[in-house]
Every structure is written in structure tokens, then in C-alpha cells.
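Participant: Keeping their order, the protein sequence lines are chains B and D.
Reading the first sequence from the start, the letters are residues 43 to 274 in our numbering.
Reading the second sequence from the start, the letters are residues 43 to 274 in our numbering.
Number of protein chains: 2
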Amino acid sequence: MRESDIPAIRSLELFREMADESFAELVRGAYVQNFPPNMDLILEGDQCDFLHIVIDGTVELFANWSDRETAMTILRGGATFILAAAIRDAPNLMSARTLERSRIIMLPAEDVRLVFEKDHAFARAVVMELAYCYRGVIKGVKGLKLRTSIERLANYLLKSQKKFGGASEFSLPVEKRRLASILGMTPENLSRSIKSLRPYGVEIAGQVVKITKPDDLKTLAKPTSLIDDPRS
Amino acid sequence: MRESDIPAIRSLELFREMADESFAELVRGAYVQNFPPNMDLILEGDQCDFLHIVIDGTVELFANWSDRETAMTILRGGATFILAAAIRDAPNLMSARTLERSRIIMLPAEDVRLVFEKDHAFARAVVMELAYCYRGVIKGVKGLKLRTSIERLANYLLKSQKKFGGASEFSLPVEKRRLASILGMTPENLSRSIKSLRPYGVEIAGQVVKITKPDDLKTLAKPTSLIDDPRS
DNA sequence: CGTCCTTTTGAACATTGTCAAACACTGTGG
DNA sequence: CCACAGTGTTTGACAATGTTCAAAAGGACG
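Structure follows, in C-alpha cells:
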């Protein structure tokens, strides 16, 4: 790995508070690598040898069963993946692939477990991160089980809008067919759901989203911090 | 709390390895309480003051949104709940109620965070437990998104059978309408799904399940350790 | 310019949910 | 012990939601 990567890594929440010595130990065995788009990184069921962290780019976590596939989540800079598997030394429950050209850190899972034992600050950061991920998945399940697909889409749009600073026009950060899978529907169904949001001031042309009646959309979406707030 | 509770608590995985001193500190502020059935324990959105652990009985975690409700999971002896919220000092994402008369430990969340800082063995146990819960939820999402309701039911039955030592006849440990909610369907739909499993050797009368053609059922259910194995 | 992939559209179909009513089970109080 | 209320379960008819398949339209890229 390059020397120049180190400051960026160190400034990630997971590593920010830990002792220099422990950080050095972690970094010693680490790889940093660039991957092209659409590259498989890990395979569901494989043993988990490395904790992965996205520095730059986009990674999709997905899962398969019986010839079906579903997108579980999409990760961008700063996100960790397969932390739980690395900690428990258990097989991965999800596969991962890059969607764009991506830069990724790989920390040997064994080093992670070792440093976890020694360094309190790191242990705390790991627990915080894991609890954060857990809560993220719980929110996802609540959305899936309590909302219709149109409601999920409406809330997704409002959340995206917030991420883009509340602008009334922004660009979808994901392909529609992946978005459909994330939201738990087929691409065809997403296409129709988008149309059915038109009376609520949603216009989507290509990747460009325009929300002209945010209050109407919110009335339909009924967002709540207990499902839709990524922090909290 | 009673002195007589202490050995049972100590033997839980979460506390087994920790120092006597730390354990004493945790137990000092703890409550142990019996609750009648159908008692609300915590409410979604509330601040999380106590880590809860089920000693005996049954607890349902559930969530609400917009006049709808869904069962998230059902917990029995030994299970912790709202660990993630306690660790992060964040609002609960789920509500909890007893289903049967239940005995429950409540540890002040602040004590948990304090002892986590001091005691390595406890910190490790917390991370392990959290990673375990995380993986459990991920498996749940995979089931929801990759399987039809009949497939979920089939796998649920096979899992239950395994829990009962593989007996061809056993008794449902949950009310059907709750099971329906756990599996992500309506009670009516569960009732019909049960019928549609009859050709696969499933007979359910009241709470009594009989599985006469396990191989046929498995062919339909296609269970996999990456979704259906509670450990791993 | 053509090829490949995504997106959209339409029509048929399958699955799941809703509503209303009947039925079964449980526990209570007469 | 029985009648009864209350709750959970099942059934039927129907509506809503979501999927599948096929085909056309639109974009990206060599």
C-alpha cells in the first residue's frame, strides 16, 4: 500500500481514536487495491479473511438463493463491510462487487481480532460501527415489512434529496434496476411506481429526479427517524 | 434482585468470561423482574436506559409505522435485546412486549457502557453478541427478499423441527398470527400457505405440526446454512 | 453505425392482502 | 356444568399489489 493512503485511513471513524502502535500493527498487514467496475470482491459462503473498507467508489452487497439475487445495500467511501463475519470468524452472508472503479482497504481479519483484544479505543469503535450497521439493517426490515413498494420509493427519494442538500433536483446515485432490487421490487415495478408518484410532484427523466411538491410527497411517504434517519 | 438469580446470569454467554469485579459492578445496578403476559416492556422511539436480557419466558420485538405493526422476532431464555441502542445511547428502533409470563434482567445502559470500557472479556462478549444479532437480521432480510411466503414457511417448519430434535411431530411455539407476522404475511395467507404445503407432507392441526415427507419438504424449501442456520 | 444493456410499456398472470362471516378454542361467571 | 364473551383461526369472494413475459424504445460505447 502507498504511504499516501495512510492519513485517509487513519481519519476514518474506525481508526481515528486508536493508539498509534495498534494502528501501525493493523496497517502493516493491510492491502489497498484498486478494482475496476463490476468486479467480484467476496463471495457469499466463503470464509472471511479480510475486513474490507471502501475508500473510494461504490460497492454493492448482494445475496443469492435458488437462482434469485437481491441487492442488500450499496456502500460508498468510508463504509466497512463484512465486519461481523470478520469478528466472528464466520462465513460471509453476502457477496460484494464493485459498481464503479473503487479503491478498497483489506485488513486481515485475524489482525483485526488481535488488535481488538489489545486496543480499547479500537474495540469501542468496532462496537459502535457494528451497532450502527445492525440498526441500519433493522431499519431496512421495518421498511420492507411495514411499507408498500411505492412508500419505500417515496421515502428513498426524500432521503436522497436530503443527502443532496435538499435541492429540488438531483441525480439518482444508482442504476434503476439496482435501486429496484434494493427497494425489494422488480425493475418493471419500479418504473410503474415512479409513474404513480407523478401526482405527488415526482418527475424522473433518466437519472434526473425533480421533486416539485415535497410536502405532498411527505404526506404520502410519512418518513420517520426510526426508519429513515441514517444516523440515530 | 434475588441472590439466587446471580449464578444463572453469570452463566450467560455475555457474562461468562468477564472479571468478577466487573460482573459485580454490572449486577449492582441491575433489576430482575417478573412480568405478566402481554406487558409492554419498551416502546419504539424511547431512549434506551436498560439493556434487557430474557431469563425465562417469551418476548416479542415488534415495530409500528402508520397504523401498521409487524413482529420482528421472538426471544426466549438467554437472549438480549436493544443491545445496539444501549451501546450507542440511541433511541430504540423496536418495541418489546412479553408473550408469556417472563423473567427479565435489566442492566442500566450506562453501566454497560462503563464496564465495556474497563473489561476486555466483556467487550469481546458484547461484540460477539452484536455480530451474532446482526447476522441474524441479515439472514432474515435474505429470507424476506429472496423467498416467497410459502418457502419461508417451509423453512420455518424445518428449522423448528430441528430445534425439537428432528421429531416428525412437534408443537408450534408461537401463535399463528404472530408467526404470520414474523414471516411477513397476513394470518389468512399463513392459513392458506399451510394448506398448500399438504402435498409436501405437512399437516398442522391446532398447534401440532406433523411432517410426514421431510425430503419432499426440503426439496421445496431448499434450506441453506447462509439463511437458516441460527448459529454460523 | 451497430451492439448490448437498461428502461419502459402492455397484457396476462400469480401472489398477497382485505373484508366479512363462520368456526373453534379458552376462560369467566352464573 | 353450561352459556357466553372474547379472541384466534379458517374460509370464501374480491381487490390490490406485484411479477412475468414479450416487445419496443432509449442510451452508452466501441
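From the three backbone atoms N, C-alpha and C, an ideal C-beta is built for every residue, glycine too.
No experiment lies behind these values; they were computed from the predicted model shown.
Does any residue of chain D have a CB that is nearer than 9 Å to the CB of residue 58 (chain B)?
Facilitator: For residue 58 (chain B), the answer is no, since every Cβ of chain D falls outside 9 Å of its Cβ.
Participant: Going along the chain, which residues of the segment 173-199 of chain B sit with their C-beta nearer than 9 Å to a C-beta in chain D?
Facilitator: 173, 174, 175, 176, 177, 179, 180, 181, 182, 183, 184, 185, 186, 187, 188, 189, 193
Participant: Terminal residues of the continuous alpha helix (DSSP H) containing residue 55 (chain D)?
Facilitator: 55-58
Participant: Pick out whichever of B:215, B:214, B:200 has its Cα sitting closest to the Cα of residue 208 (chain B).
Facilitator: B:200
Participant: Looking at chain D, is there any beta carbon in it that lies within less than 9 Å of the beta carbon of residue 117 (chain B)?
Facilitator: no
Participant: Shorter than 9 Å from the beta carbon of residue 278 (chain D) to some beta carbon of chain B?
Facilitator: Beyond the ends of chain D as shown, which are 43 and 274, falls residue 278 (chain D); an answer cannot be given.
Participant: I need the straight-line Cα distance from residue 219 (chain D) to residue 96 (chain D), nearest angstrom please.
Facilitator: 22 Å
Participant: Name, please, each residue of chain D whose Cβ falls closer than 9 Å to the Cβ of residue 110 (chain B).
Facilitator: 187, 188, 189
Participant: Can you look up residue 249 (chain B) in the DSSP assignment and give me helix, strand or coil?
Facilitator: Residue 249 (chain B) falls in the coil class under three-state DSSP.
Participant: Starting from the C-beta of residue 224 (chain B), find all residues in its chain whose C-beta is less than 6 Å away, skip the five residues before and the five after it, and write them out in chain order.
Facilitator: 113
Participant: Could you pull out every unbroken alpha helix (DSSP H) segment of at least 4 residues lying fully inside the segment 110-190 of chain B, listed in chain order?
Facilitator: 125-130, 151-160, 162-188
Participant: Classify residue 137 (chain D) as buried or exposed, calling it buried when 16 or more other Cβ atoms lie within 10 Å of its own Cβ.
Facilitator: buried
Participant: On a Cα-Cα basis, can you pick out the residue from B:221, B:233, B:121, B:139 that is closest to residue 53 (chain B)?
Facilitator: B:121
Participant: Do residue 242 (chain D) and residue 148 (chain D) count as a contact pair if the criterion is CB distance below 9 Å?
Facilitator: No; because the gap between Cβ atoms is not below 9 Å, this pair is not in contact.
Participant: If the cut-off is 7 Å on Cβ atoms, which residues from the segment 258-270 of chain D count as contacting chain B, listed in chain order?
Facilitator: Within the segment 258-270 of chain D, the qualifying residues are 264, 266, 268, 269.
Participant: Measure how close the beta-carbons of residue 57 (chain B) and residue 65 (chain B) come, nearest whole angstrom, since I'm counting them as under 8 Å.
Facilitator: Indeed, because the Cβ distance is near 6 Å, the residues count as touching under 8 Å.
Participant: Can you check which of these residues, B:203, B:205, B:103, B:143, is closest to residue 134 (chain B) by C-alpha distance?
Facilitator: B:103
Participant: So, is residue 197 (chain B) buried or exposed, given that buried needs 16 or more other C-beta atoms within 10 angstroms?
Facilitator: Buried is the label assigned to residue 197 (chain B), since at least 16 other Cβ atoms lie within 10 Å of its Cβ.
Participant: Pick from D:107, D:173, D:92: whose alpha carbon is nearest that of residue 270 (chain B)?
Facilitator: D:107
Participant: Within the segment 191-270 of chain D, note down every full beta strand (DSSP E) run reaching 3 residues or more, in order along the chain.
Facilitator: 211-213, 244-247, 250-253
Participant: For residue 274 (chain D), decide whether its Cβ has a neighbour in chain B, counting only Cβ atoms nearer than 9 Å.
Facilitator: yes
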